[in-house]
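Engineer: I'd like to ask some things about the structure below.
Residue numbers (our numbering): 380 to 449.
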């Protein structure tokens, strides 16, 4: 009988520890949910970038740069 009483005492201690851990985890989950439910800060307005091309005149690569005048 003494062995059963010791086992019961040990199991009661483990159950108490598990209950305390469960309460701690529940508190952590509640704080996490509260943090997730907070409104997001306003986002800064984003600038719209546009890409423009400007035509320029360029000599063809096959053109000679220097010519000899006669």
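For glycine and all other residues, C-beta sits at the position ideal for the given N, C-alpha and C.
(1) On the DSSP letters alone, give me the boundaries of the alpha helix (DSSP H) that residue 393 sits inside.
(2) Straight-line CA distance for residue 421 to residue 427?
(3) Distance check for residue 433 and residue 416, CA to CA, integer angstroms please.
Structural biologist: Quick answer:
(1) 381-415
(2) 18 Å
(3) 49 Å
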